[in-house]
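Q:
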Amino acid sequence: MALLKQAVAACAPWPVVVVDDSDGGAPPLPTARVRLSGGSGFARAANAGLAWAESEGYAWALVLNDDARPEPGCVEALLAAAGPGVGAVGPVLVGPAGVESAGIRFSETTARLRQVTEAPAARRPVDALSGACLLISSHRRFDEGFGHGMEDVALCRALRRRGSRCWWSLRRGAGIKAGPR
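Numbering (this note's numbering), first residue to last: 173 to 353.
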């Protein structure tokens with residue numbers, strides 16, 4: 173709960189929708205605007221939040237994991253990188269050991285995905301971005317057929333197939349720090 177409160181506070185002054193997808197073992201989140209039955213998974217919970225944002229008239233929505241804490245200026249930097257032809261924007265993800273991801277690349281030689289862990293000197297397109305902190309158009313949706321993981325990669329690949337770009341946000345201060353669960 174403490175990490176969630178920090179994440180919500182870090183997004184100020186932007187409006188926040190909290191999707192409560194808990195299994196009922198804990199008291200309902202008092203800040204939740206959308207409640208699910210529990211254990212629905214990331215994609216369904218994120219889609220519920222995106223649907224709320226779209227119904228409220230927001231063009232863009234920041235999907236944020238409950239253990240992510242945006243740094244000051246993160247939301248503004250992501251919005252500045254969004255625009256025509258851009259399907260998704262993500263920040264550098266910073267954890268206790270340093271950079272965890274500055275985007276995801278598909279290796280043509282190994283046919284595998286790899287996290288980019290070196291921050292480039294210029295804003296650039298990437299093959300995919302982590303759903304831990306992802307700015308996307310509020311009318312987009314994650315594929316709910318995934319159990320746990322890879323729905324962010326699938327969304328970015330679908331965006332790219334439609335001609336949209338996925339951008340890693342250049343601003344170094346636009347990151348998150350994952351906390352202990």
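Using N, Cα and C, we set each Cβ at its ideal position, and we do this for glycine too.
All figures in this text were calculated on a predicted structure; none of them were measured in a lab.
#1: Quick one, are the C-beta atoms of Val188 and Val206 less than 7 Å apart?
#2: By the three-class DSSP mapping on this structure, what secondary structure does Val247 have?
#3: How do the stretch 267-283 and the stretch 308-316 stand: do at least 3 beta-carbon pairs fall below 8 Å, yes or no?
#4: Check whether the Cβ atoms of Leu208 and Asp195 lie closer than 7 Å to each other.
#5: To the nearest angstrom, how far is the alpha carbon of Ala220 from that of Glu316?
#6: For the candidate residues Asp239, Ala233 and Gly257, whose alpha-carbon lies nearest to that of Val247?
#7: Kindly indicate which residue of Leu176, Ser212 and Cys305 has the alpha-carbon position closest to the one of Gly275.
#8: In three-state terms, what does DSSP make of Arg333?
#9: For the beta strand (DSSP E) containing Ala260, list its first residue and its last residue.
#10: Using only the alpha-carbon positions, how far apart do Leu327 and Gln178 sit?
#11: DSSP puts Val191 in a beta bridge; with which residues?
#12: To which residues of the same chain is Ala225 closer than 6 Å at the C-beta, ignoring the five residues directly before and after it?
#13: With DSSP run on the structure shown, which of helix, strand or coil describes Ser273?
#14: For Leu331 versus Ser302, is the C-beta distance shorter than 7 Å?
#15: If you draw a straight line from the C-alpha of Gly319 to the C-alpha of Arg216, how long is it?
#16: Which stretch, first to last residue, makes up the beta strand (DSSP E) that contains Val298?
#17: With respect to the alpha helix (DSSP H) encompassing Val180, which residues constitute its N-terminal and C-terminal limits?
#18: Can you tell me the Cα-Cα spacing of Asp299 and Pro242, whole angstroms?
A: Reading it off the structure:
#1: Here residue 188 corresponds to residue number 16 of the sequence shown, with the count starting at 1. Here residue 206 corresponds to residue number 34 of the sequence shown, with the count starting at 1. Result no, Cβ atoms of Val188 and Val206 do not sit closer than 7 Å.
#2: One-based indexing of the sequence shown puts residue 247 at position 75. Helix at Val247.
#3: no
#4: Stepping through the sequence shown from its first residue, residue 208 is reached at position 36. Stepping through the sequence shown from its first residue, residue 195 is reached at position 23. Taking 7 Å as the Cβ cut-off, Leu208 and Asp195 do not qualify as a contacting pair.
#5: To locate residue 220, count along the sequence shown from 1; it is residue 48. To locate residue 316, count along the sequence shown from 1; it is residue 144. For Ala220 and Glu316, the distance between alpha carbons rounds to 11 Å.
#6: Locating residue 247 in the sequence shown gives position 75, counting from the first residue. Checked all of Asp239, Ala233 and Gly257; the closest Cα to Val247 is Ala233.
#7: Along the sequence shown, one-based indexing puts residue 275 at 103. Checking every option, the nearest Cα to that of Gly275 belongs to Cys305.
#8: Position 161 of the sequence shown, counted from the start, is the residue given in the question as residue 333. Residue state, collapsed to three classes: helix.
#9: Walking along the sequence shown from the start, residue 260 turns up at place 88. That run of the beta strand (DSSP E) goes Val258 to Gly262.
#10: Residue mapping note: residue 327 aligns to position 155 of the sequence shown, counting from 1. Residue mapping note: residue 178 aligns to position 6 of the sequence shown, counting from 1. Going from the Cα of Leu327 to the Cα of Gln178 covers about 27 Å.
#11: Residue mapping note: residue 191 aligns to position 19 of the sequence shown, counting from 1. Answer is Val206.
#12: Mapped onto the sequence shown, residue 225 falls at position 53. These residues qualify, in order along the chain: Ala233 and Ser310.
#13: For this step, residue 273 is matched to residue 101 along the sequence shown. DSSP places Ser273 in strand when its eight states are reduced to three.
#14: Residue 331 sits at position 159 when you count from the first residue of the sequence shown. Residue 302 sits at position 130 when you count from the first residue of the sequence shown. Contact flag unset, no.
#15: Locating residue 319 in the sequence shown gives position 147, counting from the first residue. Locating residue 216 in the sequence shown gives position 44, counting from the first residue. Answer to the nearest angstrom: the Cα atoms are 10 Å apart.
#16: By 1-based counting over the sequence shown, the position of residue 298 is 126. Taken as a continuous stretch (DSSP letters only), the beta strand (DSSP E) holding Val298 covers Arg296 to Val298.
#17: On the sequence shown, position 8 is the one that residue 180 refers to. First-last of the alpha helix (DSSP H) with Val180: Ala174 to Ala182.
#18: Numbered from its first residue, the sequence shown carries residue 299 at position 127. Numbered from its first residue, the sequence shown carries residue 242 at position 70. Cα to Cα, Asp299 sits roughly 22 Å from Pro242.
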